[in-house]
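Student: Handing you a structure now.
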Amino acid sequence: MMGGDVVTTIAALGVGIVAALLGWPLTRLVLRVAGGRDRARAAHAEADVAEDCAVAEEAVAEDVETVGRPTVADEVEPAADVDDDGLLRGGLWIGLLERGFVAGGIALGEPSILAVVVAIKGLGRVPELLRSPTAGERFIIGSLASLGVALAIGVIGRALVG
Numbered sequence: 002m003m004g005g006d007v008v009t010t011i012a013a014l015g016v017g018i019v020a021a022l023l024g025w026p027l028t029r030l031v032l033r034v035a036g037g038r039d040r041a042r043a044a045h046a047e048a049d050v051a052e053d054c055a056v057a058e059e060a061v062a063e064d065v066e067t068v069g070r071p072t073v074a075d076e077v078e079p080a081a082d083v084d085d086d087g088l089l090r091g092g093l094w095i096g097l098l099e100r101g102f103v104a105g106g107i108a109l110g111e112p113s114i115l116a117v118v119v120a121i122k123g124l125g126r127v128p129e130l131l132r133s134p135t136a137g138e139r140f141i142i143g144s145l146a147s148l149g150v151a152l153a154i155g156v157i158g159r160a161l162v163g
């Protein structure tokens, strides 16, 4: 009977590895597709802000001598961007581990691992999600894509394992 447990555990480990590796490019693809519209919208908004700053700087230069004073553009502090250093970092490793644990747990018949992974992942990202409005959207899209792959492969693995 012990041999069956070892085989099941090894099979679940294999299912976890397959989910981790297969989910990586699929999740990146989903994030890239979802981010395409956001990047275009951000570029348009950035151009509008730059134009507004230039107009404001011209108005200030006409009314007041600005030597030694900060420009309008210097005074505006941009919101944190999802791609900034320190924001949603470690996503690759988190995703690999997340998919591996979820798919392996499902294959072993322990779906409760899903709740543990989602709780740890969500709580660990709270500070970053509060810094950027875009980070929350990207976090949800990436998590759903990643967990969807892990669940699908885990269910297939469970059917194969038994």
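Residue numbers (my numbering): 2 to 163.
Beta carbons: idealized from backbone N, C-alpha and C, even for Gly.
This structure is a prediction, so every number in the text was calculated from the model and none was measured.
Determine the burial state of G5: buried for a count of at least 16 other Cβ atoms within 10 Å of its Cβ, exposed for fewer.
Tutor: exposed
Student: Using the C-alpha atoms, what's the distance from L97 back to V31?
Tutor: Taking the straight line from one Cα to the other gives about 15 angstroms.
Student: Roughly how many angstroms separate the alpha carbons of L109 and T135, rounded to a whole number?
Tutor: Spanning the two alpha carbons is a distance of roughly 36 angstroms.
Student: If you check the beta carbons only, do G163 and V16 fall under 8 angstroms apart?
Tutor: No; because the gap between Cβ atoms is not below 8 angstroms, this pair is not in contact.
Student: Please classify L93: is it buried, with 16 or more other beta-carbons within 10 angstroms of its beta-carbon, or exposed?
Tutor: exposed
Student: Using the rule of at least 16 other Cβ atoms within 10 Å of the residue's Cβ for burial, across every protein chain shown, is R90 buried or exposed?
Tutor: Counting the other CB atoms within 10 Å of its CB gives R90 a total below 16, which places it among the exposed residues.
Student: Can you give me the Cβ contacts of T9 inside the same chain, cut-off strictly under 6 angstroms, excluding the 5 residues immediately before and after it?
Tutor: Cβ within range, chain order: V162.
Student: In the structure shown, what three-state DSSP assignment does R90 receive?
Tutor: In the three-state reduction of the DSSP assignment, R90 falls in the coil class.
Student: Around the C-beta of I11, are 16 or more other C-beta atoms found within 10 angstroms, so that it is buried, or is it exposed?
Tutor: exposed
Student: Roughly how far, in whole angstroms, is the beta-carbon of A245 from the beta-carbon of G155, given that I think they are within contact range, below 8 angstroms?
Tutor: Only positions 2 to 163 of the chain appear in this structure, which leaves residue 245 out of reach.
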